[in-house]
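Reminder that position 47 of the sequence shown reads as 603 in our numbering, one-by-one numbering, no gaps.
Beneath this line is the structure, given in structure tokens, with notes to follow.
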Amino acid sequence: MASSMALAMLMISSFFFLSAHASSDSFIKCLSGPIPSQLLFTQSSQSFASVLASSVRNPRFLTPGTVRPLCIVTPTNASHVQAAVLCGRTHGVRLRVRSGGHDYEGLSYRAARADAPPFAVVDLARLRSVRVTRGSPATAWVDSGAQLGELYYAIGKVSDRLAFPGGLCPTVGVGGHFSGGGFGMLLRRHGLAADQVVDALLVDAQGRLLDRNAMGQDVFWAIRGGGGGGSFGIVLSWRVNLVAVPPKVTVFAVKKTVQEGAIDIVAKWQEVAPALPNDLLVRVIAQGQDANFQALYLGTCDALLPVMRSRFPELGMDQSHCKEMTWLQSVAYIYLGPGATVEDILKRTLPGDATFSRATSDYVRQAISRNIWEDIFRNWLARPNAGLMILDPYGGRIAGVSDSETPFPHRSGVLYNVQYMNFWGSAGEEAGRTGWVRDMHTFMTPHVSKNPRQAYANYRDLDLGQNVVVGGGAGGNVTSFEAGRVWGEKYYKGNFRRLAIAKTQIDPSDYFSSEQSIPPIGNQLILTNVESVDHAE
557 MASSMALAML MISSFFFLSA HASSDSFIKC LSGPIPSQLL FTQSSQSFAS VLASSVRNPR
617 FLTPGTVRPL CIVTPTNASH VQAAVLCGRT HGVRLRVRSG GHDYEGLSYR AARADAPPFA
677 VVDLARLRSV RVTRGSPATA WVDSGAQLGE LYYAIGKVSD RLAFPGGLCP TVGVGGHFSG
737 GGFGMLLRRH GLAADQVVDA LLVDAQGRLL DRNAMGQDVF WAIRGGGGGG SFGIVLSWRV
797 NLVAVPPKVT VFAVKKTVQE GAIDIVAKWQ EVAPALPNDL LVRVIAQGQD ANFQALYLGT
857 CDALLPVMRS RFPELGMDQS HCKEMTWLQS VAYIYLGPGA TVEDILKRTL PGDATFSRAT
917 SDYVRQAISR NIWEDIFRNW LARPNAGLMI LDPYGGRIAG VSDSETPFPH RSGVLYNVQY
977 MNFWGSAGEE AGRTGWVRDM HTFMTPHVSK NPRQAYANYR DLDLGQNVVV GGGAGGNVTS
1037 FEAGRVWGEK YYKGNFRRLA IAKTQIDPSD YFSSEQSIPP IGNQLILTNV ESVDHAE
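Structure follows, in structure tokens:
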């Protein structure tokens, strides 16, 4: 009996292996017609490994055990993306989408589970045009494969009075950044990157090219902050409003050690920073026994000094800390350091981009007590394998938008976002370094948001939960809405259900799916009802 069962299992396994192999071959053959050979890289291609690694930012996800794509498509126009979708649907191969490669869990180019269905990667690096139009308002069309540095540079070269409120790191891809919300040093004056999106071009699961009107109100709402993981299709390009900045802005950095009162100053910062004038953002990087206060002010040093003296005298900021420059220069200065030029933000890779790392996030709605900060600095940040904490204050414009205006719900009442991050140099250090992030996150449980404990979608963390397949969709797989709620409500709170409804409208068979993609909801309600009837009979 046992031998018969073993033989049967072997035959079933062989059938599925041969079927998957045939499907993969058919898929690649399908692609080879509409897509030029120089844009298609199969696993047997000489350049496959280098193309895969080209924007992998975390070596943790580039090991022999990594579940890799069948092939990589590097489209140069919309028709190539449409062909990839249609071939994938026909031959049972999913697509994952990579713009800049900064997905914290690498889900834009790898699968986290060994039993994941076969997939290919659509790498948008060749679609990176930026077209700025001056006017009222000034706007830009930016392709998803462009990096933030390329967007900022194009804007700054048109006018020193225009800017865009995206993140700090210039090598982050526009597509992923906008899809998760996107915040940076302008968040208190101008809100999120996603808040500025006014149109988009999306290839859906049927291979249609849709603009804002064609995709519909719910889907357009969903892609502006709820589209991480390629849930709704492949966004090729975004039209965004640009924002006004003065010709000169001021930056400063003030570092305080624990011996110089860092604990008291950080404790005070929690209440001060979210209530400062909207033109001023002061963030904190806490590492080791230091707290580094970094700031951007939309104005001159002379105008900033009285604000700091009256509102935050504990920091001891004075004129010697001020540096005046254009907004574009501030992008390079804050992220890359005093010696950086604006041309440096155009580089596709930067030193430290490809570093072993692990991160997660929290939101703080009530100031954390001084004694907890003392424990953090003297215990958690002082450990040999400790990472760092990045504290970004909210308030201002980001808090003035309704939680339901976009999928990004972390608005009114949030004091600041916390990112826990650790870096290391070799694979042997991973256990201790990732352990610090997880343990730190656990320690912070009583001191951060609750019901649900909130997290930022662009700081993706699979420890928060993963999708579960329940069957019934494209290729026999549909992700469970109820399982998705475990992680989804942490990123999106009550907006998660509306995202699932939008998903059902645009991709009911769940073709675009990953370990943390938005699941459809309608089909599963139907399946549940059918199962209930079956049980009743």
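For glycine and all other residues, C-beta sits at the position ideal for the given N, C-alpha and C.
Under the three-state DSSP convention, the category residue i falls into
i	result
residue 586	helix
residue 990	helix
residue 873	coil
residue 598	strand
residue 591	coil
residue 996	helix
residue 1006	coil
residue 654	strand
residue 1066	coil
residue 637	helix
residue 932	helix
residue 836	strand
residue 1139	Since the first and last residues shown for the chain are 557 and 1093, residue 1139 lies out of range.
residue 892	helix
residue 706	helix
residue 728	coil
residue 1073	coil
residue 913	strand
residue 606	helix
residue 1047	helix
residue 814	helix
residue 758	strand
residue 923	coil
residue 808	strand
Proximity of residue i and residue j at Cβ, strictly below 8 Å
i	j	result
residue 699	residue 793	yes
residue 781	residue 1075	no
residue 834	residue 717	no
residue 1023	residue 1005	no
residue 668	residue 649	no
residue 1095	residue 791	Any answer about residue 1095 is impossible in this case: the structure gives the chain only from 557 up to 1093.
residue 824	residue 870	yes
residue 902	residue 867	no
residue 711	residue 826	no
residue 1015	residue 975	yes
residue 731	residue 701	yes
residue 818	residue 846	yes
Exposure of residue i, with buried meaning 16 or more beta-carbon neighbours within 10 Å
i	result
residue 655	buried
residue 830	buried
residue 644	buried
residue 662	buried
residue 685	exposed
residue 690	exposed
residue 727	buried
residue 1031	With a pLDDT of 47 at residue 1031, under the threshold of 50, the modelled position of that residue is not reliable, and the figure given next carries that caveat. It is buried - the Cβ of residue 1031 has at least 16 other Cβ atoms within 10 Å.
residue 1038	exposed
residue 759	buried
residue 842	buried
Of the residues the options, the one placed nearest residue i, counting alpha carbons only
i	options	result
residue 585	629, 606, 624, 717	629
residue 620	983, 969, 759	983
residue 589	887, 925, 677, 637	637
residue 624	843, 946, 598, 602	598
residue 1050	998, 958, 722	958
residue 798	948, 688, 1047	688
residue 604	622, 614, 626, 615	626
residue 634	615, 606, 673, 683	683
residue 852	998, 990, 1064, 839	839
residue 916	715, 997, 579	997
residue 715	606, 940, 737, 694	694
residue 1055	740, 647, 746, 965	965
residue 748	768, 1058, 1019, 1012	1012
residue 725	742, 1019, 892	892
residue 697	890, 658, 639, 757	757
residue 653	1047, 664, 943	664
residue 1019	1007, 1025, 912, 1040	1040
residue 979	969, 596, 912, 897	912
residue 615	857, 908, 1002, 580	908
Nearest-angstrom beta carbon gap, residue j and residue i [assumed within contact, 8 Å]
i	j	result
residue 1063	residue 761	4 Å
residue 879	residue 810	The Cβ separation is near 12 Å, so there is no contact.
residue 948	residue 739	7 Å
residue 990	residue 914	4 Å
Min CB distance residue i to chain C below 8 Å
i	result
residue 855	Checking the listed chains, one finds no chain C in this structure; it contains a single protein chain.
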